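Colleague: Protein chains in written order, with my numbering: chain R, 1 to 326; chain Y, 1 to 454; chain U, 1 to 394. Where a beta carbon is used, it is the ideal one built from N, C-alpha and C, also for glycine. For clarity, every value in this text was computed on a predicted model and none was experimentally measured.
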Amino acid sequence: MPEQTVVTDLSDPQARRALVQGIEATPGVAKPDPILTVDNIVRRFGGMTAVDVDHLEVQRGIITALIGPNGAGKTTFFNLITGFDQATSAKTMFHRPAKAAHWSFNGQSLDNTSASAVSRAGMVRTFQLTKALSRMTVLDNMMLGARGQRGEQLLFSWLQPLWGRQERQNTAKALELLDRFQLLEKKNDYAGSLSGGQRKLLEMARALMTDPTMIMLDEPMAGVNPALTQSLLRHIQDLRDEGMTVLFVEHDMHMVRHISDWVVVMAEGRVVAEGESQVVMADQAVIDAYLGAHHDTDLGDDSLLEDEALQQLAREVAEEEAGDDK
Amino acid sequence: MVDASRLGLIRAGVTACLALVLAPLLLLVGHSAAYASTVVDEPATCTPSPENGCLRVQLPRGVEVAGIQFLVETPSGDTVLQETDEQGFSILEVTEPGEYTVTIDESTLPPGVAILPDAQGNVIVTRTAVLELTEGRQASLRPAALNFSVRAEDYRSVTPLSEQLAQALASGIRLGLLLALASVGLSLIYGTTGLSSFSHAEQVTLGGMTAYVMVQWFGVPFLLAAVLTVIVCGATGYLQDRVIWQPLRHRGVGLIQMMIVTIGLSLALQYTFQVVVGADTVRVLTTQAATVSVGPVTLTTQSLFAMGIAVLVLSVVGFALLRTRLGRATRAVSDNPALAAASGIDVDRVIRMVWILSTALAGLSGVMLALVLNGVKWNSGLQILLLLFAAVTLGGLGTAFGALIGALIIGVMVELTPVLGAPGDLKYATALLVLILLLMVRPQGILGKAQRVG
Amino acid sequence: MNEQKPPVHGDEVSPDDLVEDYEIEVDELPEELLEESTKSKTVKTLILTGVGVFVLAAMWFVATNFTGTIPNLCAQVLREALKPQTAAVAIAVIGLNIHFGFTGLLNIGQAGFMLLGAYGFAIALSNGLPIWLAVLIGLACAAVFSLLLGIPTLKLRGDYLAIVTISAAEILRYVGRLSQLGDVTGGSHGLAGSAYRGSFTDLSFFGDGRTAVGPFNYHNTGVDGWWVRAVAWATVAVVLLIVWLLVRSPWGRLLRGVREDEDAIRSLGKNVYMIKMQALLIGGSLGALGGMIYVLPTSVQPDAMGRSLTFFIWTALLLGGAATIFGPVLGAILFFSVRILIRGVTDAVVPDSIMTTQQAAQFSWVVVGVMLMLLVIFRPQGILGNKRELQFNA
Chain R
1 MPEQTVVTDL
11 SDPQARRALV
21 QGIEATPGVA
31 KPDPILTVDN
41 IVRRFGGMTA
51 VDVDHLEVQR
61 GIITALIGPN
71 GAGKTTFFNL
81 ITGFDQATSA
91 KTMFHRPAKA
101 AHWSFNGQSL
111 DNTSASAVSR
121 AGMVRTFQLT
131 KALSRMTVLD
141 NMMLGARGQR
151 GEQLLFSWLQ
161 PLWGRQERQN
171 TAKALELLDR
181 FQLLEKKNDY
191 AGSLSGGQRK
201 LLEMARALMT
211 DPTMIMLDEP
221 MAGVNPALTQ
231 SLLRHIQDLR
241 DEGMTVLFVE
251 HDMHMVRHIS
261 DWVVVMAEGR
271 VVAEGESQVV
281 MADQAVIDAY
291 LGAHHDTDLG
301 DDSLLEDEAL
311 QQLAREVAEE
321 EAGDDK
Chain Y
1 MVDASRLGLI
11 RAGVTACLAL
21 VLAPLLLLVG
31 HSAAYASTVV
41 DEPATCTPSP
51 ENGCLRVQLP
61 RGVEVAGIQF
71 LVETPSGDTV
81 LQETDEQGFS
91 ILEVTEPGEY
101 TVTIDESTLP
111 PGVAILPDAQ
121 GNVIVTRTAV
131 LELTEGRQAS
141 LRPAALNFSV
151 RAEDYRSVTP
161 LSEQLAQALA
171 SGIRLGLLLA
181 LASVGLSLIY
191 GTTGLSSFSH
201 AEQVTLGGMT
211 AYVMVQWFGV
221 PFLLAAVLTV
231 IVCGATGYLQ
241 DRVIWQPLRH
251 RGVGLIQMMI
261 VTIGLSLALQ
271 YTFQVVVGAD
281 TVRVLTTQAA
291 TVSVGPVTLT
301 TQSLFAMGIA
311 VLVLSVVGFA
321 LLRTRLGRAT
331 RAVSDNPALA
341 AASGIDVDRV
351 IRMVWILSTA
361 LAGLSGVMLA
371 LVLNGVKWNS
381 GLQILLLLFA
391 AVTLGGLGTA
401 FGALIGALII
411 GVMVELTPVL
421 GAPGDLKYAT
431 ALLVLILLLM
441 VRPQGILGKA
451 QRVG
Chain U
1 MNEQKPPVHG
11 DEVSPDDLVE
21 DYEIEVDELP
31 EELLEESTKS
41 KTVKTLILTG
51 VGVFVLAAMW
61 FVATNFTGTI
71 PNLCAQVLRE
81 ALKPQTAAVA
91 IAVIGLNIHF
101 GFTGLLNIGQ
111 AGFMLLGAYG
121 FAIALSNGLP
131 IWLAVLIGLA
141 CAAVFSLLLG
151 IPTLKLRGDY
161 LAIVTISAAE
171 ILRYVGRLSQ
181 LGDVTGGSHG
191 LAGSAYRGSF
201 TDLSFFGDGR
211 TAVGPFNYHN
221 TGVDGWWVRA
231 VAWATVAVVL
241 LIVWLLVRSP
251 WGRLLRGVRE
261 DEDAIRSLGK
271 NVYMIKMQAL
281 LIGGSLGALG
291 GMIYVLPTSV
301 QPDAMGRSLT
311 FFIWTALLLG
321 GAATIFGPVL
331 GAILFFSVRI
341 LIRGVTDAVV
351 PDSIMTTQQA
361 AQFSWVVVGV
371 MLMLLVIFRP
381 QGILGNKREL
391 QFNA
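1. Tell me the DSSP bridge mates of His55 of chain R?
2. In or out: Lys200 of chain R buried (at least 16 other Cβ within 10 Å) or exposed?
3. Since Arg256 of chain U meets chain R, which of its residues come closer than 8 Å, beta carbon to beta carbon?
4. With H, G and I counted as helix, E and B as strand and the rest as coil, what does DSSP make of Arg135 of chain R?
5. What three-state label does DSSP hand Gln82 of chain Y in the structure shown?
6. In terms of alpha-carbon separation, which member of U:Arg307, U:Ser337 and U:Ile383 lies closest to Ile327 of chain U?
7. Helix, strand or coil: which one does DSSP assign to Leu92 of chain Y?
8. Identify the continuous beta strand (DSSP E) that holds Val265 of chain R and give its terminal residues.
9. Consult DSSP for Leu34 of chain U and reduce its assignment to one of helix, strand or coil.
10. I'd like to confirm the pairing. Which residues does DSSP put opposite Ser104 of chain R in its beta bridges?
11. Can you tell me whether Gly275 of chain R is helix, strand or coil according to DSSP?
12. Identify the residues that DSSP records as bridge partners of Gln69 of chain Y: which are they?
13. Does the beta-carbon distance from Gly395 of chain Y to Gly411 of chain Y come in below 9 Å?
14. Residues of chain U with CB closer than 7 Å to the CB of Phe389 of chain Y, please, in chain order.
15. May I ask you to report which of helix, strand or coil DSSP gives Glu242 of chain R?
16. Which ranges does the alpha helix (DSSP H) cover as unbroken runs of at least 4 residues, wholly within the segment 191-234 of chain U, from first to last along the chain?
17. Taking all protein chains shown into account, do 16 or more other C-beta atoms lie within 10 angstroms of the C-beta of Phe77 of chain R, making it buried, or fewer, making it exposed?
18. Tell me whether Met214 of chain R sits in a helix, a strand or coil according to DSSP, three-state version.
19. Can you name the residues of chain U whose CB is closer than 9 Å to the CB of Val428 of chain Y?
20. Between the alpha carbons of Leu56 of chain R and Ser104 of chain R, how many angstroms are there, rounded?
21. Excluding the five sequence neighbours on either side, which residues of its own chain have a C-beta within less than 7 Å of the C-beta of Thr82 of chain R, listed in chain order?
22. Quick check: the segment 115-122 of chain U against the segment 288-298 of chain U, are at least 3 beta-carbon pairs closer than 8 Å?
23. Using only alpha-carbon positions, find the residue among U:Gly257, U:Thr298 and U:Gln301 that is nearest to Arg135 of chain R.
24. Counting only Cβ pairs nearer than 7 Å, list the residues of chain U close to Pro423 of chain Y.
25. May I ask you to list the residues that DSSP assigns as paired with Val292 of chain Y?
26. If you run the structure through DSSP and keep just helix, strand and coil, what is Arg266 of chain U?
27. Would you say Leu321 of chain Y and Ala390 of chain Y are within 9 Å of each other, going by their C-beta atoms?
28. Would you list the one or two residues that DSSP bridges to Tyr190 of chain R?
29. Bridge partners for Ile104 of chain Y per DSSP, in chain order?
30. Indicate the three-state DSSP secondary structure (helix, strand or coil) for Ala121 of chain R in the structure shown.
31. Where does Phe335 of chain U fall in DSSP's three states?
32. Can you tell me which residues form a DSSP beta bridge with Leu247 of chain R?
33. Smallest Cα separation from Leu188 of chain Y: which of Y:Leu361, Y:Thr286 and Y:Thr210?
34. Are Phe431 of chain U and Leu125 of chain U close, meaning C-beta to C-beta below 9 Å?
35. So Pro71 of chain U contacts chain R; which residues on that side make the cut at Cβ distance below 8 Å?
36. Quick one: what's got a C-beta closer than 8 Å to Gln284 of chain R's C-beta in the same chain, skipping five residues either side?
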């Protein structure tokens with residue numbers, strides 16, 4: 001573990017911004033204290049290249065947003081770095097590409113590491129389609145997140161005295177987290193009975209049970225009703241304020257600009273831009289990425305740069321692409 | 001497992017066939033797995049009727065040794081001396097129920113062939129079997145099975161290996177084609193609905209049974225019976241989808257749950273066959289088929305006919321899948337049901353057609369298998385169920401053409417196993433072993449799409 | 001075989017995803033359906049137990065105090081329920097429950113584990129090894145078998161385990177039947193019970209003679225007497241206790257988590273592969289233990305432990321209720337005794353001219369098959385199962 005040289009009060013927006021201030025807004029730029037460094041990640045499906053990222057660094061202790069239009073390869077990229085998918089460029093026993101995929105987290109190499117090992121290293125993710133364990137109670141869902149449980153070892157599991165104390169401690173922690181995420185009164189309900197937004201909250205809370213160093217949220221806002229969105233955003237900010245690094249995928253730009261400290265834009269599998277949110281939103285490459293099919297639109301019109309208009313266009317592009325694919 | 005010789009009642013004009021199987025070490029002795037293996041092309045010079053049964057002595061294929069003598073003592077005390085012919089057969093017409101004693105004359109065994117001692121090391125040259133008169137609606141002679149195991153140390157030198165290979169290859173292709181008829185349907189069902197239907201094997205048995213009932217109980221000419229069987233089997237597919245599968249799909253019942261429903265259906269059908277037809281092997285056609293030899297390969301005309309029909313039907317199905325509207329719709333549904341539905345395809349209708357087609361093909365496969373493999377039994381389908389699954393998996397789950405290739409590979413593998421020196425008992429086992437090994441190297445099967453495997 | 005389409009990795013929202021989303025929405029049942037308070041659960045259990053005890057007592061009473069067809073049938077049913085084979089199958093079902101009910105592993109070859117356990121046990125005994133070692137050898141065989149099956153398949157999609165287990169169980173049966181192995185396995189004739197039973201009956205402290213209790217009248221020790229019954233059901237009790245201890249622990253919670261969603265468990269840093277392997281191993285060993293008890297009063301017959309037995313085990317599991325503690329035992333008892341009941345009733349009611357005794361036996365299997373279908377369609381959670389937890393179509 002590299003020593004933490006920068007001690008900043010992360011709840012102060014100014015101090016946070018200071019961490020990434022002055023960094024040039026070009027794709028793959030170096031960060032002062034990267035927690036995650038990624039090189040040469042390529043993933044192909046058949047003939048199509050879904051992800052092709054040369055270099056990317058994620059700064060410790062801030063919220064980084066990974067945005068891009070539908071089909072940009074954001075989730076695939078997420079799957080690759082969390083071990084849920086294997087890069088085509090990965091070094092394997094039979095295949096040693098010249099530019100092999102390499103990425104490290106907190107100074108630890110994660111090449112060819114299984115998803116569970118990635119999680120144990122401290123990089124814990126959630127899923128776009130929530131994976132609440134429907135036929136288990138909310139509390140059981142939470143308890144599964146706890147690390148180093150003695151009772152999960154087959155050898156000790158049948159001897160309750162060996163794990164009873166740890167179980168009580170974990171339960172207390174789980175209840176505390178549930179309380180914070182307003183799920184406490186649901187603790188004995190089956191997770192399948194929760195609403196979409198509550199599942200997102202549960203999944204986030206469950207991920208926090210693992211005491212992660214970095215939490216990776218895959219479209220945390222998708223399918224969540226507007227009333228819950230605010231509270232979700234608040235939770236994400238709180239995590240950062242407690243010193244956690246947050247990386248999240250989102251295609252709604254509006255959401256992103258409010259809470260993110262740094263924005264990475266992907267399009268067609270590549271990182272096309274990164275920078276502070278205001279800078280990035282004005283970037284021509286980003287506009288191109290989002291507007292791809294709409295180049296005939298008059299870009300001189302300032303109203304296009306309004307969030308609503310961008311969103312509208314993004315939606316249109318998404319719909320058209322969805323239509324084209326089929 | 002139910003002891004086949006103890007259960008069941010023979011109806012109609014079939015009386016007893018006492019099969020005395022002289023099996024060499026390398027070939028399977030026994031009732032169950034004999035289905036697809038040893039007894040295939042025997043001449044039947046004795047036709048069972050309500051008045052008489054047939055005592056059949058047969059050497060397995062590959063040991064066509066003439067002149068082995070044995071003495072048969074009938075219940076009334078008479079003795080008859082029998083001798084095998086050039087093809088290793090001998091058939092005796094018998095008319096009375098009771099205990100028959102058969103004694104092999106060891107001195108007539110050619111060099112290299114010997115009786116296999118039993119587990120206790122005793123060489124038993126005399127065996128008895130009881131043909132009993134069963135009570136029931138119709139009295140009949142119940143068959144009893146008698147087995148001698150014969151060691152044939154160097155019988156394989158009798159036929160050159162190349163000729164054995166050629167014969168096994170031909171038999172393998174025959175088995176493969178008939179399996180393909182059933183497995184293509186299984187694969188289509190899997191492709192369009194995601195269901196692994198364990199009752200598909202019973203659909204195959206149903207084909208053989210229906211043909212048997214039509215030909216032997218009602219005297220329908222064989223060809224007409226075959227056509228009617230296919231129609232009847234297709235109708236069962238329609239009915240099943242209508243009554244069971246479609247409602248279950250609409251209720252959103254899970255695939256594992258549906259799979260277990262097919263297991264229940266399979267169990268119910270197996271025992272229905274036993275209740276209706278009995279627990280013994282029945283033959284659709286009892287007449288002797290002529291054989292045709294091309295070089296080292298000898299096949300019956302029935303086999304050739306069955307193979308021809310299979311090739312024809314499979315080509316038509318293949319063509320239909322590739323070229324017709326319905327075929328394209330089927331493939332679209334296999335690929336992505338939601339998308340197919342969104343693009344205006346009536347998914348339910350396609351699936352219903354798939355059920356009809358699959359069960360009809362399975363029925364046809366059943367008729368042909370019963371014709372070629374010397375009869376059909378309540379568990380005939382169960383015997384080949386795993387071969388069907390192996391074929392479908394080998395080819396790539398849910399790809400119809402993969403299933404065809406898979407079936408041919410499995411068929412050839414099954415028939416080649418004994419020739420290549422592995423114990424004949426393991427002929428099915430090797431096919432399954434190859435399946436397991438292949439899955440480890442290439443989990444998506446031969447024609448499967450790699451990225452669909454998570 | 002049964003393919004749950006893997007989530008499409010990538011941002012593209014394919015129609016598949018839409019469907020998945022939709023299903024999740026459908027999944028949300030109204031609260032009142034989900035709430036099954038512990039109180040109502042206890043009441044339900046009490047009622048069920050009460051009904052069970054009453055039925056048993058009534059049958060016992062009828063069987064011992066009257067004579068005729070019905071009392072005879074009652075006695076038959078009770079005897080079937082207490083048979084050592086019923087206990088043996090119950091143990092195998094408990095094993096399958098670990099696989100399927102708790103972990104979601106599709107093992108369609110449980111009879112293979114039983115056969116292997118039986119072979120290991122019987123062959124070791126007939127070669128003069130002490131009985132404790134023979135049991136260990138049987139268990140070890142199953143453990144090795146689990147590893148062989150699990151190592152390559154547990155990383156793949158669930159249906160591969162299904163194909164591999166059913167195929168491997170069949171291969172085992174074919175190999176066991178092999179005439180070349182006649183000296184070891186007895187070939188297709190199997191191993192006679194007399195070859196290995198001796199050291200088991202020697203352990204008996206029940207003494208000689210017969211004891212009759214109600215409709216049960218057996219030798220105290222003997223081939224198929226009280227001794228083997230006592231040992232079989234005592235084993236069931238011990239196995240139940242062990243399984244209860246295991247599944248209520250965090251380890252058991254982990255199993256259920258894997259059943260629900262492997263990827264979620266992986267994302268929490270758990271080694272899913274290892275957990276599934278442990279479950280396969282324990283369930284398989286229980287299968288082997290069941291196999292050993294299955295052959296004690298009879299003989300080792302490879303064909304008696306084929307696909308049909310696997311299917312019976314599945315039926316018993318679903319009948320009793322997957323992912324419950326007592327479900328498997330209840331399911332096994334009901335499965336065998338109900339079949340005897342159907343057979344007896346059919347035989348008594350339908351005249352011989354329509355259906356012979358033999359056909360009545362076959363007919364009872366037809367009914368069992370239809371019952372399995374109806375059960376899975378209309379009460380997928382089985383008798384003891386919790387409706388919400390046990391719909392296994394997730």
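Modeller: According to the structure shown:
1. R:Asp39
2. buried
3. Leu133, Arg135, Met136 and Asp140
4. coil
5. strand
6. The identity of residue 327 of chain U in the sequence shown is Gly, whereas the question assumes Ile. Per the Cα distances, U:Ile383.
7. strand
8. Trp262 to Ala267
9. At Leu34 of chain U, the pLDDT of 40 sits below 50, so the modelled position is not reliable and the matter cannot be decided from this model.
10. R:Thr37 and R:Ser109
11. strand
12. Y:Glu83
13. no
14. Ile163
15. coil
16. 198-202
17. buried
18. strand
19. Sequence inspection shows Tyr at residue 428 of chain Y; the Val mentioned does not correspond to that position. Simply Glu170, Ile171 and Tyr174.
20. 11 Å
21. Ala115, Val118, Met123, Arg125 and Met216
22. yes
23. U:Gly257
24. Leu178 and Gln180
25. Y:Leu299
26. helix
27. no
28. R:Thr137
29. Y:Phe70
30. coil
31. helix
32. R:Thr64 and R:Met216
33. Y:Leu361
34. Only positions 1 to 394 of chain U appear in the structure, and residue 431 of chain U is not among them; the question remains open.
35. Here the premise fails: no neighbours, minimum Cβ distance about 44 Å.
36. none
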